[in-house]
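Residue 337 in this note's numbering sits at position 335 of the sequence shown, and the numbers go up by one each step.
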Amino acid sequence: MRDEVVTRATTRAVPVPGLVKPVALITLDNGLDPTKPNTFGREGLVSIDAAFDAALAADPAAIAVTGKPFCFSVGADLAAVGMDRETTLAVGKLGHDAFRRFTDSRIPTFAFVNGVAIGGGLELALSCQYRTVASDVPAIGFPECALGLFQGWGGTQLLPNLIGPDRAVTVIIENAFTNKMLQPAEAVELGVADVLLDAGGFLDASLRWVADVVNGETPVPRPEFDRGAGWDAAIDRARALVDAKTRGASPGPVRAVELLDFARHNDLDRGYPAESEAMADVLMGDESRASLYAFSLVQWRAAQQPGLPDESLARPVPSVGIAGTGPAATQLALLFARQLDVPVVLTGADRARRDEAVARVHTEADALADSGRLTRDAADRVKALVSGSPDTGALRDAGFVVEALDGDLSAKQQVFAKIEEYVSAGCVLATATSCASVAESALKLRHPERVVGLRFAAPVAAAPLLEVVRADGTDDASLATAFALGKQLGKTCVLVSDAPALVVDRVLARFLGEVVAALDEGTPFELADQAFDPLGLPMAPLDLLGLLGPAAVLRVAETLHTAFPDRFAVSGNLRRLAEAGKTSVWLRDAEGGRTLDPEVAALWRAGSSPSTAAGLLDRTSAALADEIRRMLDEGVVAEPQDVDLCLILGVGWPFWLGGITPYLDRTGVSQRVAGRRFLPPGVASVPEQE
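Written out as structure tokens, the structure is:
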């Protein structure tokens with residue numbers, strides 16, 4: 003547990019035209035810049051309670067609460083309040099009691115949502131009797147279910163009674179699982195907020211609206227809701243969403259559904275204690291501790307990895323070169339131009355392919371503008387920054403050059419050697435493929451110390467993970483430059499040593515290798531998918547095979563078979579699928595149902611030794627534990643946390659699973675296979691009792 007960063011609540015009386023008495027305005031502010039949002043811990047909740055006392059002392063016409071610039075509040079700071087059962091119950095009651103004063107007040111209470119309001123911040127806003135929202139608020143919502151948790155300060159009880167159970171299910175369950183936050187207009191449309199006001203002059207406009215409400219000039223009706231069949235239907239939908247997403251692997255969302263149902267016939271006197279008790283139950287489980295561990299990894303791990311170079315060593319990158327003209331090169335060019343705002347040159351001898359690559363970048367930029375994700379000026383800027391050249395000399399001014407070729411190792415070596423003839427001594431050279439050794443790619447260079455590896459998770463533009471590879475000879479300045487560039491690209495960088503397939507591809511290859519081997523042995527396709535339901539994965543293994551593509555999976559398997567023939571096989575069935583151009587084993591109908599593709603069935607030559615579902619899950623879990631142990635022993639990454647971070651950010655492993663190593667520890671597989679836990683008790687699990 004770390005010290006609380008205290009968000010102070012201060013009260014001032016504000017005169018408002020049209021009101022005889024002032025409005026008591028409570029402002030939340032932790033005293034830090036807008037990138038460090040307001041949160042609530044013990045002291046912060048006590049401060050809110052004291053601020054409400056000060057508001058009452060002002061004898062106001064209304065009481066309002068707002069945040070510091072750009073931030074209302076992002077809710078509870080669990081790392082600062084502790085998570086034992088007694089503390090959880092105490093802090094739950096502290097928050098309920100402080101927030102409920104706004105709900106029960108005989109003086110009208112208002113939330114002026116002037117910035118991001120998520121989690122406990124939104125719960126405070128809902129606790130007020132009325133809400134205004136600024137037009138530029140970037141995010142409003144409840145992400146807790148995606149973290150394996152739920153609302154602990156009134157959200158499950160207040161929201162369904164404010165906007166109805168079905169809309170509450172959308173905000174609390176569905177939006178969380180799809181990583182969706184409400185925009186201000188959506189919040190008003192759903193009834194989460196009462197009025198949308200322009201960001202310019204938001205406070206003054208909110209105060210004028212308060213006067214209109216207090217004086218009865220602006221009525222704010224509250225609808226009644228069907229507490230029978232309509233509520234039943236909403237709860238059924240919520241259960242279906244939770245089952246489909248987590249398959250029972252995360253207790254937090256299940257309790258959220260129960261609490262939404264509890265809100266149907268119970269008042270806050272019963273609902274709030276039920277919420278606190280449920281939160282204490284969930285936080286005393288290993289699954290929820292693992293989900294909080296995952297959340298912490300994403301927030302802090304990138305800056306805490308062992309072996310990171312000093313940031314001050316990073317060199318400037320005035321322009322970027324890309325050796326290659328294929329689809330991968332196009333995606334990189336678009337990303338670099340958008341995020342770095344520097345010239346990007348695509349090089350390749352084939353003029354037609356080069357022109358096609360640049361045209362693809364222009365088409366993508368226009369599509370982003372058409373969809374509203376880029377302004378037209380920004381799209382035009384991107385198009386102007388990206389060019390093509392047949393001449394490697396065009397990379398002369400580049401500070402960073404990425405090789406994104408489809409060729410073999412010899413071709414990569416020759417391209418790197420040619421590039422080195424032109425670029426400056428400080429230019430970093432990077433290879434963007436995971437199947438070739440970084441050190442071997444640099445063999446023909448005079449200065450191999452300038453070479454790093456970059457493995458972008460797919461899709462390149464959206465996936466947040468970037469595996470940065472340090473070969474034995476890579477110097478600190480080149481590595482620091484790669485990390486700085488990755489950060490500018492909006493990526494979370496994980497330091498990886500020069501090893502076959504790196505982290506994500508190697509773990510996925512071992513996982514899918516066991517699944518394909520079971521299919522080769524005669525395990526039915528449907529059973530192979532169903533076997534992994536207890537993990538609550540976002541995608542069944544054969545859907546993952548279809549997403550990655552049999553050809554790509556085969557290519558990684560061949561690389562790893564060469565390096566580790568005892569653990570990675572090359573399936574003849576998989577090769578036949580790839581050669582036949584099959585992209586999925588399933589055929590899907592208009593309703594989303596699936597059947598085995600007859601062509602796949604005809605190609606697949608299965609044995610007569612099928613696995614059971616339990617046997618396949620156990621066998622695959624054991625294989626993963628073995629491979630992760632080997633990766634740690636080999637120094638591919640420094641710690642198990644890096645493997646978990648790669649899976650969370652690289653393949654969308656859900657927060658509620660906490661990464662792979664907590665699951666392997668929790669089920670005892672790591673102890674059985676590796677002879678030890680990957681993580682000490684208490685890191686991603688409930689601490690052992692002394």
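Even glycine gets a Cβ: it sits at the ideal position worked out from N, Cα and C.
Annotation note: the segment 542 to 598 contains the following uninterrupted alpha helix (DSSP H) runs of length 4 or greater, listed N- to C-terminal: 543 to 550, 552 to 565 and 574 to 581. In the displayed model, residue 385 falls within a helix according to three-state DSSP. In the three-state scheme derived from DSSP, where H, G and I count as helix and E and B as strand, residue 197 is classed as strand. For residue 206, the enclosing alpha helix (DSSP H) covers residues 204 to 216. Rounded to whole angstroms, the separation of the alpha carbons of residue 31 and residue 52 is 14 angstroms. The beta carbon of residue 320 is closer than 7 angstroms to those of 344, 399 and 401 in its chain, skipping five residues each way along the sequence. One thing to note: residue 469 has its Cβ within 7 angstroms of the Cβ of residue 457.
With contacts defined as CB atoms closer than 7 angstroms, residue 6 and residue 33 fail to qualify as a contacting pair. Counting only the Cα atoms, residue 585 lies some 5 angstroms from residue 551. In the three-state DSSP reduction, residue 18 falls in the coil class, being neither helix nor strand.
Annotation for residue 475: 450 and 451 place their beta carbon closer than 6 angstroms to its own, counting only its chain and skipping 5 residues before and after.
Segment contact: the segment 139 to 149 against the segment 108 to 121, three or more CB-CB distances shorter than 8 angstroms; contact assigned. Residue environment analysis places residue 488 among the buried positions, since at least 16 neighbouring C-beta atoms fall within 10 angstroms of its C-beta. The Cβ neighbour count for residue 643, taken over all protein chains shown within 10 Å, is at least 16; the residue is labelled buried.
Of 230, 674, 403 and 15, the smallest CA-CA separation from residue 168 is found for 230.
Contact annotation, residue 662 with residue 649: C-beta distance approximately 6 angstroms; criterion of less than 8 angstroms satisfied. Only residues of its own chain outside the window of five on either side were considered, and among them 411 and 414 have a CB closer than 7 angstroms to the CB of residue 438, listed in chain order.
A direct Cα-to-Cα measurement between residue 69 and residue 597 gives close to 53 angstroms. When DSSP states are grouped into helix, strand and coil, residue 539 belongs to the coil group. Nearest in C-alpha terms to residue 350, of all of 308, 417 and 543, is 417. Under the DSSP definition of a beta bridge, residue 456 partners with 470. Bounds of the alpha helix (DSSP H) holding residue 278 are 270 to 285. Residue 130 sits in coil when the DSSP states are folded into three classes, being neither helix nor strand. With contact defined as three or more Cβ pairs closer than 8 angstroms, the segment 574 to 584 and the segment 482 to 496 are not in contact. Residue 630: member of the alpha helix (DSSP H) spanning 615 to 636, first to last residue. Runs of the alpha helix (DSSP H) lying entirely within the segment 341 to 415 and spanning at least 4 residues, in chain order: 353 to 372 and 378 to 387. Its chain contains 67, 127, 130 and 133 as the residues whose beta carbon lies nearer than 6 angstroms to that of residue 113, once the 5 sequence neighbours on both sides are disregarded; these appear in chain order. For the 7 angstroms CB-CB criterion, residue 664 and residue 686 form a contact. Under DSSP, the beta-bridge partners assigned to residue 70 are 73.
In the three-state reduction of the DSSP assignment, residue 147 falls in the helix class, which pools H, G and I. Contact annotation: residue 186 and residue 222 have beta-carbon atoms that are not nearer than 7 angstroms. Annotation for residue 328: 408 place their beta carbon closer than 6 angstroms to its own, counting only its chain and skipping 5 residues before and after.
One thing to note: residue 277 has its Cβ within 7 angstroms of the Cβ of residue 261.
The C-beta separation of residue 390 from residue 359 comes to about 6 angstroms, placing the pair in contact by the 8 angstroms criterion.
The beta carbons of residue 26 and residue 15 sit about 6 angstroms from each other, so the pair counts as a contact at 8 angstroms. When 590, 583, 581 and 632 are compared, the shortest CA-CA separation from residue 568 is found for 632.
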